Amino acid sequence: MPTELLIVLKAAEAAASWHSGQRRKGAAGEPYINHLIEVAKLVTEATDGQDPNLAAAALLHDAVEDQGIPLSRIAAMFGDDVASLVGEVTDDKSLPKHERKRLQVERAPHKSPRAKILKLADKTSNVRALTMSPPDWTLERRREYIRWACEVVAGLGEVSPCLQEQFRAAVQQVERALDGTA
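Per this note's numbering, the very first residue in the sequence shown carries number 29; after that it's consecutive.
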């Protein structure tokens, strides 16, 4: 088996284990691994399958924030490149939520091109979830999330035309749903 494929499968296995009890916030409460797989699929499509480390990082991108997995452990298991990508998209959970959101907008333009693709894929998946299985949020909170996600994505710049189009389509779909025109 090619080493590149093996690292992605090992990352999928680790993500499934580390997030085994976690569910999405949406009404369906689907297993969290579904989100991680979607993000990995999006980055793989955006890179034509040419960046297995980015796919592995996509599977692991919430391990530090949500499960407290140290970046050093990710580096030991998957290498410094994967750990660096995960670290680049990880929020500091010790900060208040509003500060973490502000920093995502502020730091988006300064991320590496690969981390920008990962961040865009994550936002695309999250926006899609607002249509497919919305969390129990007020209409205004959902609209605010969309506004904020659009600010983050705007800061990423032109990183992947196909992925940016998927993000725009997801935003349009959720806005129609929120307006009752879907």
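For every residue, glycine included, the Cβ atom is placed at its ideal position computed from N, Cα and C. In this text the structure is predicted, and so the values were computed from the model without any measurement.
Item                                                                                         : Value
Chain D within 7 Å of W46, Cβ atoms only                                                     : Here chain D cannot be found, since the structure has a single protein chain.
R169 burial status per 10 Å Cβ neighbour count (16 or more: buried)                          : exposed
First and last residue of the uninterrupted alpha helix (DSSP H) at P141                     : 141-160
Range of the contiguous alpha helix (DSSP H) that encloses W46                               : 31-46
Alpha helix (DSSP H) runs wholly inside the segment 155-205, at least 4 long, in chain order : 167-184
Range of the contiguous alpha helix (DSSP H) that encloses Q114                              : A quick correction: the sequence has Val, not Gln, at residue 114. Counting along the chain, the alpha helix (DSSP H) containing V114 begins and ends at 108-116.
CB of I97 within 7 Å of CB of A103, strictly                                                 : no
Beta-carbon gap between V110 and N81 smaller than 7 Å                                        : yes
Whole-angstrom distance between L167 and L99, CA atom to CA atom                             : 36 Å
Three-way DSSP call (helix, strand, coil) for R51 in this model                              : strand
E134 and T118 closer than 7 Å at C-beta                                                      : no
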